[in-house]
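Encoded as structure tokens, the structure appears first; notes follow it.
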Amino acid sequence: MDLQDEEFLARLLATFGEEAADHVQAIIAGILVIEQDPSRSQQSEIEPVYRATHSLKGAAHAVGLKDIETICQHLESVFSSVRKGEMILTQSEFDLIHDVITTLELLLAGDKTVKITPLIQKLKKAVPSPHTSPVREVPPAPPQKASIREPATPPDASHSEPVTPELLSVSSPGKGTAGPKIRISEERLTSLYETADDLLSYRMSAGSHLSELKSISRSVQTWRWSLSRVEGDIANLKRQFQGTNDFLDRLLHFIDTTRDIIGSCETKLDSTIRAMTQDHSEMDSAITQLIESIREVVLVPFSSLTDAYPRMVRDIAREQGKKVSLRITGSDIEIDRRILDGIRDPMIHLIRNAVDHGIEPEEIRLRDGKPAEGNLSIEIVHNRANQISITISDDGKGIDPQTAVSVAISKGLLDEEEAQALTDREKERLIFQSGFTTSSHVSTVSGRGLGLAIVQEKINQVGGIVDVESIPGKSTRFFLTVPITLATFRGILVYAENRPFFLPLTDVERVMIPDASEITTIEGRTVLYLENQAIPVVLLSSVLGLSSGSPQSEDARSVVLLRTPNRRFGLIVNQIGGAQEIVVRDLGPQLKDIRFVSGVAILSNTLIVPVLQVEDIAEEMQGKTRIGISERELPSSLSGRRKIMVVEDSITSRMLLKNILEGAGYDVETAVDGLDAFTRLKTLPVDIVVSDVDMPRMNGFALTEKIRSEKKLSDLPVILVTSLDSREDREHGITVGANAYIIKSSFDQGNLLEVITRLIGAGR
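The sequence shown: position 498 = 732 (the working numbering), numbered continuously.
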């Protein structure tokens, strides 16, 4: 076989794989409908299943896949007998058909170890002999089953469009999902995603540049006004000379010429801004429409995920010896394929857990007055502009809060004191802790204590949330909320140590500037009292491990109140930049495991801003402390306590000043000399320095000069307390920049406290 033939065969096999997936899904859907609704006529309902099997056999023959062709030939014989009324499928035949489907899936996946001979023999035995008389359909006894009530009619092979890893089947652009289907390779689909993201980024960048131009225009206007004022001042100065002054004449001519040039530039700039504003408005509309069209193309229906659930539930239920009825609604709702891929595993975990842990065996359900058949439902709803809600509910045994607590304590996930403080809802949410399981044995379905922790992690990764609600002995409902698309989301821009970060707006409960009276301590940790609830607070810079000490640190008064499904806490930040729509970029495989950061946003096409993972921050707080940060770590603007640095080489004098100041309600830091103090001041924010003068390494005068020469410390008040009482020393102290000079020989603590209060206010 030459190269061209090999390439042709590869393309042919790829096409067969796509077609075969459609046919297999049609067979599964049709068989499940017949199996779970005995009232239907098998003779008529088997038709689409028979046609899908026949088509799969023909396609397999075309590409030379003999095993698949042989299996389909014998399976077709079974379905043909049903069509002719020669046989009625019983539970044993249904089980055999599902085994055949599993074998077909393995063969299609390229498994070379599959043995088909035993299945062929069973299929041959299932087909009645040619002399068998037609049988009358008698509804079989209801089997142990997992039924699906949507769709009511099995899909035809030509309309079943599952998602495969290689290619996707999507609707052509339009308002509805009906219409001709087209296939797009994953590579091209990824390119469409990236193009949509890039277009949105360019739109935001263009708006930012237009704002910058408007700002420049305002600056130019201010410049022209300033020149006009200066020109008037020089003209007045010239009149005072009462004569000709060449220098002033040249200066006036220069100002006049410059003003004319600025005016001309201002006119052109205004004209350009007006044109750009119009262009930006039209471009914004066109890009928005194009992005929406691209998103319509790359959205896929939930059915591409949920079509596999009925068979999965059936198999698990039979393995567990249970009866389970599955109902799915809203599977026609469309969602970003990346979101669908992200929630695939969480959905499977929840469904498997519902059958394994939730729904009881038949004898227990009957004993408790429940129907023998358990009910499992999946409801998909498009609830908001960019969100989809998924509710997975069962009528099983529910979650017992006390049992959950006992299991959590036994596995070391919390202690008894912590358990007593939990509400029933918080006790239910313990099931999301890694290592939590109520199963006493490990099975192929569950029991390892990882599933629900993975559910929460995966849902959070796609920007969603998960919650649970249960009535012990009656029901359990899991609520998943996910965005329709990953392309954009709204975030709130915050600053910590002059560095920008985005917080997802969906996690932000409110932004506030609390009064100092609302901040207090519990067991040495700091909390914010709000609505009669103690909420732990933490410096964002502290959580992220950023170095502190900037001048803005002490002005950090804004608190962003965040709420996750199992925790409520506050982040103290330096500044709030407001909410905005952003394009989030993945970190890539090399940086995917970085804590606290879920992605990055690019602002103005140049500034890269990390997007924070709120769940990671909540876990970090919970891991370090149950309450929050210590009061000493808070900026004085929030703690309500002013911080003073005492610089004194004498340990006796140092301790005396420290006790006086702490007794007055101040926080006190100490340093042994000027060099020690100056080094610490670079990283430790304080409100005022009280220093001796005569010290080794660096005296008080030199320290004051250093403070005044350092840009971020230049406004820091300094009080010199010394035994040097000469006029020259006092004048030198004031010259280098001291705010006050107190002589030790006439030292009075009331006088010192009065000066400090005048400069920075009372201790608290």
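Here a beta-carbon is modelled for each residue, glycine too, at the ideal position from N, C-alpha and C.
Legend entry - For residue 259 and residue 249, the rounded distance between their alpha carbons: 16 Å
Inset, instruction - Can you grab the Cα-Cα spacing for the pair residue 963 / residue 977, in whole Å? - result: 11 Å
Inset, instruction - Just mark residue 523 as buried or exposed, buried being the case when its beta carbon has 16 or more other beta carbons within 10 Å. - result: exposed
Inset, instruction - In angstroms with no decimal places, state the Cα-to-Cα distance between residue 912 and residue 736. - result: 34 Å
Legend entry - Neighbourhood of residue 999 by C-beta, 6 Å cutoff - its chain only, sequence neighbours within 5 removed: Beyond the ends of the chain as shown, which are 235 and 998, falls residue 999; an answer cannot be given.
Inset, instruction - Would you check if the distance between the CB atom of residue 809 and the CB atom of residue 830 is smaller than 7 Å? - result: no
Inset, instruction - Count the C-beta pairs between the stretch 354 to 361 and the stretch 319 to 335 that are closer than 8 Å, then say yes if the count reaches three, no if not. - result: yes
Legend entry - Limits of the unbroken alpha helix (DSSP H) element including residue 552: 543 to 554
Legend entry - Other residues of its chain near residue 850: CB distance less than 6 Å, five sequence neighbours each side excluded: 829 and 830
Inset, instruction - Please confirm if the stretch 283 to 297 is in contact with the stretch 307 to 319, defined as three or more CB-CB distances below 8 Å between the two stretches. - result: yes
Legend entry - Cβ shell of residue 410 (< 6 Å), same chain only, five flanking positions each side left out: Confidence at residue 410 is low in this model, with a pLDDT of 44, below 50, so the placement of that residue should be treated as unreliable; the coordinate-derived value is given next. Nothing listed; no residue qualifies.
Legend entry - Nearest to residue 766 (by Cα), restricted to the options 760, 941, 728 and 752: 752
Legend entry - Beta-bridge pairing of residue 824 - partner residues as DSSP gives them: DSSP output for residue 824 lists no bridge partner at all.
Inset, instruction - With a threshold of 16 other CB atoms inside 10 Å of the CB of residue 257, please say whether the residue is buried or exposed. - result: buried
Inset, instruction - May I ask you to report which of helix, strand or coil DSSP gives residue 774? - result: helix
Legend entry - Member of 776, 779 and 795 whose CA lies at the smallest distance from the CA of residue 763: 795
Legend entry - Coil, strand or helix - residue 877 by DSSP: strand
Inset, instruction - Output yes or no for whether 7 Å exceeds the beta carbon distance between residue 896 and residue 888. - result: no
Inset, instruction - Could you have a look at residue 931 and say whether DSSP puts it in helix, strand or coil? - result: coil
Inset, instruction - Return the bridge partner residues of residue 901 from the DSSP annotation. - result: 877
Legend entry - Close Cβ partners of residue 457 (< 8 Å) along its chain, the five nearest in sequence each way excluded: 496
Legend entry - C-beta contact flag for residue 635 and residue 604 at 7 Å: no
Inset, instruction - Take residue 949 as the anchor and find which of 855, 590, 775 and 920 has the nearest alpha-carbon. - result: 920
Inset, instruction - Could you check which residue in 740, 743 and 761 has the C-alpha nearest to that of residue 749? - result: 761
Inset, instruction - List the whole-angstrom C-beta distance separating residue 797 from residue 741, where the pair is believed to meet the contact cut-off of C-beta under 8 Å. - result: 7 Å
Legend entry - DSSP state of residue 244 mapped onto helix, strand, coil: helix
Inset, instruction - May I have the straight-line CA-CA distance separating residue 290 from residue 611, to the nearest angstrom? - result: 32 Å
Inset, instruction - May I ask which residues mark the beginning and end of the beta strand (DSSP E) holding residue 837? - result: 831 to 837
Legend entry - Meets three-Cβ-pair contact criterion under 8 Å: the stretch 631 to 648 and the stretch 692 to 706: yes
Inset, instruction - Answer with buried or exposed for residue 861, where buried requires no fewer than 16 other C-beta atoms within 10 angstroms of its C-beta. - result: Annotation note: pLDDT 35 at residue 861 (below 50); position unreliable, coordinate value reported separately. It counts as buried.
Legend entry - Closest residue to residue 712 among 658, 632, 667 and 724 (Cα-Cα distance): 632
Inset, instruction - Could you pull out every residue in the same chain whose Cβ sits closer than 8 Å to the Cβ of residue 397, ignoring the five residues on either side in sequence? - result: Note that residue 397 has pLDDT 37, beneath the 50 cutoff, so the model's placement of it is unreliable and the number below is only indicative. Once the five neighbours on either side are set aside, the close Cβ partners of residue 397 are 403, 534, 538, 539, 571 and 574.
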